[in-house]
Structure formats: C-alpha cells, structure tokens
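The sequence shown runs 48 to 432 under this note's numbering.
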Amino acid sequence: MPIEAAYDIALVGAGPAGTACALALRGSGLRVLLLDKATFPRDKICGDAVPGHALKALRQLDPAYVDALWQLEPRDDVRRSRIVAPSGAGFYMHWNLRTFNSPRLDFDAALLALVREFTDTEIRENALLKTLEITPDCAQLQLADGTEITARLVIGCDGANSAVGRRLLPEPRLARAHHSAGVRAYFENVAGAESGTTEFFFSQNYLAGYCWLFPVGAGRYNVGLGMLSELVAKHKVDLKQLLLDTVKTHPELAGRFREARQLGPVLGFGLPMGGGRQRPCSGARFMLCGDAASLIDPLQGHGIDMAVRSGIMAAAQARQCVTQNDFSADFMRAYDAEVQRQLGPVLARNYRLMRLLGTRPWLLNLGARLAQLPGLGRRLQRLLG
Ligand SMILES: Cc1cc2nc3c(=O)[nH]c(=O)nc-3n(C[C@H](O)[C@H](O)[C@H](O)COP(=O)(O)OP(=O)(O)OC[C@H]3O[C@@H](n4cnc5c(N)ncnc54)[C@H](O)[C@@H]3O)c2cc1C
C-alpha cells in the first residue's frame, strides 16, 4: 500500500527563499508546511542590503507584499552606491530600482508575517530537520525532536549549510573557488556616512572581495568584509580581525570610525556562489532554492534576490508536479533549466568579472578614473547590474 503523505509540500527553511516559495504557492489549494529550526525574529549574518530585484519579484506576486515591507522599521532607503577603489578614488552609481537596507532580524520576520497573513501555510518554528529519506511514495522528514513528517515533495530552502542538499545531492560541497566567507558587525556613530548610500571599499589587502558600510536605519551601520574562500585559506586570513583592523587603519575609514561604537560581536558565515559549473538543484521529489542551491551573485555578494526568485520558480514547478502527479528526477529537471535560464547567464558573467577585477586592483583603479568621464559611469553601472 503506498503511503499517503500528510503534506503536498514541505518547505525546509523560512528565509527569503522559503517564504517567497510559500507566498507563490498561495491559492494553490496544496497542503504546505513551512518549517524552520529558528524561532522568529531570528538573526541572519548578512549585509542587510535588500536587492531591488527581490522586491520586484515579490511585487509581481502581489504588490501588497512590498507595500507592507516598505513599512518596515528600522530601514534605510537606498538610492545609490559609492565605490572606493584601492587607490582611494571614489565614484557613485545610481540605482534604477527603489530599495532599502533593513536588518535581517526584522526583514525575515516581516516576510514570515506575510506568509502568516496571506496564505494557509502551516508554519512550524523551532523545528530542526535532522534527516530525510526519499522513498518511491514520498519524502520522509525527521525532526530533531523525533517528529516524523511525510510530504509528496520537499523544497530545501535551508541556506548555505543545507541539510536537504547534504543529504540528497551527489556532491554537496562547493569548491573554494566558488565560495566566499563574510563577516559583519553593527556600529553606530560612524562619521561621514550618508543615509541612502551604500559604500564599498576595495583594497589590495582583501582581493576578490570588499569591505562594506551599509546604513540600516536608526543610526546603525552594517559593516562587513567578504572574500573568496580560496584566498582566505591560501593566505590564512583571519577575516574578523581584518575587519577590525580595516576600520582602524584604512586611509578613509580610520577617521570616520574614530568615535564609532561597535554594537555586538563580529560574526561570520559562508556565501555559496553561483556562476560555476552548474550543479543539479533538484532530484526525485526534491528541489533546492537560494543559498541551498548556491545562487549568490559572485560579484556583489547578494543572494536575497536569487533566493526569492528561485523560491518562486520552485513554487511554479511544484504546482506542475502535483497537477501531473510526476515527482521524478526527470520531470524536476525543468526547474534546473528555469533557474539556469533566468539566473545562469548573469551569475556566469559576474563570476568572470569577480575573478577579473578581484585579482587586478589596477583595473579597479582605472575603472574609478573612467567612471568620472561623462557617459562611461552609466555604462559601468549597466555592466555591474
Ligand atoms: C556576510 C554576508 C553578507 C551578505 N550580504 C548580503 C546582502 O547585503 N544582500 C543580499 O542580498 N545578500 C547578502 N548575503 C547573502 C544572503 O544572506 C543569502 O543569499 C540569503 O539569506 C539566502 O536566503 P535563503 O532563504 O536561501 O537562506 P537563509 O536566509 O540562510 O535561510 C535559511 C533558513 O533555513 C533555516 N534552516 C537551516 N537549516 C535548517 C534545518 N536543518 N532545519 C530547519 N531549518 C533550517 C535557517 O534557520 C534559516 O532561517 C550575505 C551573506 C553573508 C554570509
């Protein structure tokens, strides 16, 4: 006798990927379970810059979602970025899509609140997925507290250390050339920082990476440093210490941080990047989204948009699976193809750009000079997306 699954879809992880997927499944009539090991609001180590494309994708689902997110406090509405080359020369880039920075503690809780308000999704917090089996009839999930759950399909939205990916992908680990390490801390009282402007500092000291200074509202700043893991390992870099040294010694930042107050510890986390050899992100009865599918933009290090967009694509595929009653690995490949079609080209281009610019500081210096020339700045902006 085939097992009757308790849910049609089990979404593991309630970050941007899992919540976007749940929002995109609204009105499907499917029995959807969204589980997360954390209790919200929960922190997520991040730069807290919400990419405009994340809001655009959510707006396409329902403008009410984005209208609600624009009420979030604290937040800082972003209009432009300032890029500072290793030479110290800086230039501004103005963004077409309106967006904001907001601490992930608040942003992710707001996304989950939308799922609660607008959908029939069953939400379980404090629910750590421990193990997972795919059988011919269903996915069998076991939680750390011993609870067993069955679903016709499982969607792994459980981030960079995805338990679903570890369990179900044939080669779950990314090469260090496709992985970055990032650290961040919150500060207040930073001099010379402008609301509405995110700042990026490049230096010979952290190649294939950068230091960022992002206002997140309420007079606070998310200050961080990210770098290609390959180089972190090769040069044995202590990223947390490098961040603290950078704000004390960088020619521009040192003065601006003289009176600054650090508001908590420096915390670090991994960034699995896209743009390399495309790894599968699905198989029989499962799909992976967001960081679990290694979709972070290798150039700028943003992944909230990729998480939201892949979550929405997975929801479309999930509806197809149920309609056709087909959960085979073959059928699921349509999801991989769609991820590749929508996100693959930009990730591949940005990976090449990151390798090119990240190891040649003189190119960044030249870019900063060229950006001052009328017309060229706009072209550069288009190139960087
Ligand atoms: C230092 C740093 C800076 C960054 N800065 C930016 C930025 O400024 N802008 C940007 O767009 N992106 C940034 N990113 C990337 C961004 O944080 C991620 O791409 C994004 O959070 C991915 O969303 P997600 O939903 O895939 O995963 P996550 O946001 O990681 O959510 C995964 C969820 O799964 C849950 N979970 C994990 N394991 C389990 C389990 N076993 N059982 C149950 N639940 C589980 C977690 O609790 C979590 O809630 C940064 C990343 C880092 C590390």
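Ideal Cβ placement from N, Cα and C applies to all residues, glycine included. Predicted model only: the values in this text are computed from it and were never measured.
Remark: the shortest separation between the CB of arginine 231 and any heavy atom of ligand 1 falls under 7 Å. With contacts defined by Cβ atoms closer than 8 Å, proline 150 and proline 183 do not form a contacting pair.
At least one heavy atom of ligand 1 falls within 7 Å of the beta-carbon of histidine 349. In terms of Cβ geometry, serine 341 and aspartate 383 do not form a close pair [threshold 8 Å]. For leucine 275, the enclosing beta strand (DSSP E) has its first and last residue at 267-275.
Counting C-beta atoms within 10 angstroms of its own C-beta, serine 276 has 16 or more neighbours from the protein chains shown and is therefore classed as buried. By the CB criterion at 8 Å, phenylalanine 333 and leucine 215 fall inside the cutoff. Here DSSP, grouped into helix, strand and coil, assigns phenylalanine 87 to coil. Within the segment 312-376, the runs of beta strand (DSSP E) at least 3 residues long that lie entirely inside it are, in chain order, 314-319, 333-335. Contact between leucine 314 and valine 211 does not hold, since the beta-carbon distance rounds to 24 Å and is not under 8 Å.
Distance from threonine 86 to glutamate 172 at the Cβ level is roughly 5 Å; contact confirmed, criterion being Cβ atoms closer than 8 Å.
Contact between the segment 122-133 and the segment 141-158 is established, with three or more Cβ pairs separated by less than 8 Å. Check the Cα spacing between aspartate 55 and each of Asn397, Gly137, Lys91, Ala198: the tightest is with Ala198. Relative to ligand 1, the nearest heavy atom lies less than 7 Å away from the CB of proline 98. Here the segment 383-395 makes contact with the segment 343-362; the two share three or more CB pairs at distances below 8 Å. Less than 8 Å separates the beta-carbon of proline 319 from that of leucine 221. At a Cβ-Cβ threshold of 8 Å, phenylalanine 304 and valine 131 do not count as neighbours.
Taking 7 Å as the cut-off, the C-beta of proline 63 counts as close to a heavy atom of ligand 1. Residue burial is scored here from C-beta neighbours: alanine 52 has at least 16 other C-beta atoms within 10 angstroms and is therefore classed as buried. Between ligand 1 and the CB of cysteine 93, the shortest heavy atom gap is smaller than 7 Å. Excluding sequence positions up to five before and after arginine 308, its CB lies within less than 8 Å of the CB of Phe234, Glu235, Asn236, all in the same chain and listed in chain order. In this model, leucine 144 and asparagine 208 are separated by some 31 Å (Cα to Cα).
For leucine 410, the number of other beta carbons within 10 angstroms of its own is below 16, and it is reported as exposed. In this structure, the beta-carbon distance from leucine 70 to leucine 190 does not fall below 8 Å. About 15 Å separates the beta carbon of glycine 243 from that of tryptophan 259, a gap too long to meet the 8 Å contact definition. Ranking Arg73, Ala232, Val284, Ala361 by CA distance to the CA of leucine 310 puts Ala232 first. As computed with DSSP, histidine 226 is found in a beta bridge with Pro319. Proximity to aspartate 109 across Lys84, Arg366, Thr166, Val279 peaks at Thr166, based on C-alpha coordinates.
Aspartate 153 places its beta carbon 8 Å or farther from that of proline 63. In the three-state reduction of the DSSP assignment, asparagine 412 falls in the helix class, which pools H, G and I. Taking alanine 224 as the centre and dropping the five residues before and after it, the same chain places the C-beta of Glu277 closer than 6 Å to its C-beta, in chain order.
At the C-beta level, cysteine 204 and glycine 337 come within 8 Å of one another. A distance criterion of 7 Å places the beta-carbon of isoleucine 170 beyond contact range of ligand 1, judged by its closest non-hydrogen atom.
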